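Just below is one structure, and these are the notes that go with it.
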Ligand SMILES: [Zn+2]
């Protein structure tokens with residue numbers, strides 16, 4: 126398994142999507158671009174350090190463990206079922222991040238971005254990513270996924286997260302066809318609405334089927350009717366320090 130492939134895929138996808146969304150913007154921006162970018166990239170720097178530090182003790186250890194649901198299945202079946210179960214359980218995790226208040230305290234930092242573009246895709250509180258690493262280790266152990274399935278799913282997921290957070294306007298017919306399988310910028314834009322009934326939809330991260338299965342798939346909302354943000358939090362953009370402290374503050 127080539128370790129260098131993932132950062133190359135990530136970097137190339139990031140640049141390509143950033144260029145494309147500048148050419149064909151989907152929603153009008155409300156924030157000054159540069160300070161917002163600095164904030165999102167600073168958040169990304171911290172989360173990269175934390176996730177990097179937790180990868181070995183948590184996820185690698187889980188991969189080496191014996192057992193798990195799929196362990197005895199033939200390799201191709203285990204590969205496909207592993208990818209599907211990883212993606213479904215990530216849907217559950219994202220849903221928990223919204224409905225369980227201690228987790229929402231961290232996840233709201235991602236939703237407080239008042240514009241949505243490829244830089245939002247890397248704007249997560251390091252605490253959310255630390256908890257997500259614990260959850261990832263649990264997914265790997267319980268499902269019994271093999272390394273190949275995890276690596277390929279993570280690569281697809283990374284590209285999907287960059288793509289569906291982007292401000293890229295696809296032709297509406299193309300978006301509508303793609304959304305039958307993959308999360309698109311229009312679909313995920315609805316999840317980032319400041320209206321609670323819209324935020325409480327579209328929890329999928331790669332395949333859209335889980336929202337269809339749970340009847341939480343919402344699509345036909347015009348993008349220009351959406352205010353990007355977190356429900357009940359119309360305040361001005363917090364500073365970097367305020368964002369880092371936010372999950373630990375009671376109010
Ligand atoms: Zn969310």
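In the numbering used here, the protein residues as written are 126 to 376. Note that CB positions come from ideal geometry on N, CA and C, so glycine has one too. Just so we're clear, the structure is a prediction, and the values are computed from it rather than from any experiment.
Comparing alpha-carbon positions, which option in 302, 133 and 269 lies nearest residue 211? Per the Cα distances, 269.
Return the CA-CA distance between residue 381 and residue 334, expressed in angstroms with no decimal places. Summary: the structure shown does not reach residue 381, with the chain confined to residues 126 through 376, and so no result is reported for it.
Rounded C-alpha distance that separates residue 159 from residue 193: 46 Å
So, with DSSP's three-state summary, where would you put residue 174? helix
Around the Cβ of residue 283, are there at least 16 other Cβ atoms within 10 angstroms (buried) or fewer (exposed)? buried
Residue 316 Cβ short of 7 Å to ligand 1 heavy atom set: Residue 316: yes, Cβ under 7 Å from ligand 1.
Rank 237, 252 and 329 by C-alpha distance to the C-alpha of residue 155 and give the top, closest one. 237
Please report how far the alpha carbon of residue 178 lies from the alpha carbon of residue 161, in whole angstroms. Distance between the alpha carbons of residue 178 and residue 161: 26 Å.
Measuring CB atoms only, is the stretch 309–326 touching the stretch 197–206, in the sense that at least three cross pairs come out at less than 8 Å? Touching, no, given that fewer than three Cβ pairs across the two stretches are closer than 8 Å.
Considering only residues of the stretch 194–281, which uninterrupted alpha helix (DSSP H) runs meet the minimum length of 4 residues and lie entirely inside it, listed in chain order? 200–224, 226–236 and 251–268
Suppose only complete runs of 4+ residues qualify. What are the alpha helix (DSSP H) ranges in the stretch 313–356, listed by chain order? 321–324 and 334–338
Quick one: is the Cβ of residue 223 within less than 7 Å of any heavy atom of ligand 1? Indeed, a heavy atom of ligand 1 lies less than 7 Å from the Cβ.
Where DSSP assigns a beta bridge to residue 358, which residues make up the other side? 355
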